[in-house]
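If you're matching positions, the sequence shown starts at 0 in numbering that gives the first Met the number 0 and goes up one per residue. One structure below.
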Amino acid sequence: MQSRHFKPEKPWLLGFVVISLLGGAFVITSFIRDTNTGIFCKASSAMRSAFVSSNTDDLQLQAIRHYATSTIVPQQSFKEISITYDVLRSLGRPANFLVFGLGHDSIMWASLNPRGNTLFLEEDPHWVKTVLKDAPFLRAHTVKYRTHLSESDALISSMQFEPSCFAKNAFLRGNTKCKLALDMLPNEVYDTEWDLIMIDAPRGYSAELPGRMSAIFSAAVMARKRKGSGVTHVFLHDVDRVVEKTWGKMILCEKYLVKGVGRLWHFEIPPFTMPTNGFC
Ligand SMILES: C[S@@+](CC[C@H](N)C(=O)[O-])C[C@H]1O[C@@H](n2cnc3c(N)ncnc32)[C@H](O)[C@@H]1O
């Protein structure tokens with residue numbers, strides 16, 4: 000009588016079948032797991048890039064809509080804007096871009112630096128509110144200036160005798176003694192290495208206004224303290240005016256001036272590893 004229990008005639012064959020099934024199961028589960036991981040990976044990376052590109056598109060689309068429906072255009076000319084545009088493109092990565100002044104060009108600067116860090120410093124708190132009401136996605140801080148345009152010559156002299164303004168030990172955060180130093184900025188401004196600095200503010204068209212002396216001085220101090228590779232690109236607008244021209248040459252230095260178009264100068268300032276007596 001045959002046993003009710005299965006007794007293989009070829010036990011080695013059973014062993015082979017069991018091992019094959021186990022092996023097959025392992026291969027199939029690995030495949031399913033890999034496939035799932037692949038699908039999830041692809042899905043999450045697609046979601047990530049959709050998120051990133053939707054962020055990018057958002058800013059740029061808003062810029063297009065804004066300028067397509069606005070009767071007010073930025074003050075800088077096409078050729079002037081192109082200098083900064085070319086630098087942003089040439090970096091080939093999101094940049095740290097510090098802009099002195101909020102204006103009709105702010106949405107443009109932010110959208111030309113997608114995924115980058117574009118930060119605006121504005122003297123007038125009411126103007127900050129007005130601009131951010133229509134463009135809440137812009138990032139801006141209010142800055143208090145301690146100078147007046149009328150003091151420009153006196154401030155040039157003060158740089159000879161006020162040690163806290165000397166190039167070799169100039170610093171910004173908490174530098175209350177040097178009126179040229181923007182001493183009360185948010186830490187974020189001091190702690191970031193800015194790749195580009197645009198100086199198109201504060202206002203400097205009449206004696207009682209702050210003038211751009213301390214924006215120029217502070218930009219130079221930031222650029223000289225750069226630790227990373229490369230230079231700091233500093234753009235100075237309104238160089239048809241005496242104060243911008245004088246301070247640009249004296250603090251940002253003629254030898255670092257690489258381009259000038261219309262009323263815009265472009266400086267490339269290298270980091271300073273050794274203290275120097277003067278700025279240039
Ligand atoms: C010399 S303007 C530069 C303007 C900028 N380049 C542009 O295209 O709009 C810079 C400063 O002027 C002031 N400003 C500019 N437009 C303004 C406006 N419509 N109303 C009030 N203040 C304004 C702000 O204080 C700003 O920081």
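The C-beta atom is built at its ideal place from N, Cα and C for all residues, glycine as well. Since this is a predicted model, take the numbers as computed values, not measurements.
When rounded, the separation of the alpha-carbon atoms in Asn168 and Ile215 is 17 Å.
The beta strand (DSSP E) runs of length 3 or more contained entirely in the segment 175–244 are, from start to end of the chain, 195–198 and 231–236. In this structure, Met221 keeps its C-beta atom at 8 Å or more from the C-beta atom of Ile250.
Checking the 7 Å criterion, the Cβ of Gly102 is within range of a heavy atom belonging to ligand 1. Within the model, the alpha-carbon separation for Thr146 versus Cys177 is close to 11 Å. Within the segment 112–169, the complete alpha helix (DSSP H) segments at least 4 residues long are 124–133 and 151–160, listed from N- to C-terminus. By DSSP's assignment, Trp264 forms a beta bridge with Leu235 and Gly259. Put simply, the backbone Cα of Val86 is about 32 Å away from that of Met158. Of the candidates Gly229, Glu187 and Pro209, Glu187 places its Cα closest to the Cα of Phe119. For Val86, the enclosing alpha helix (DSSP H) starts and ends at Phe77 to Leu90.
When beta bridges are read from the DSSP output, Leu171 appears opposite no residue.
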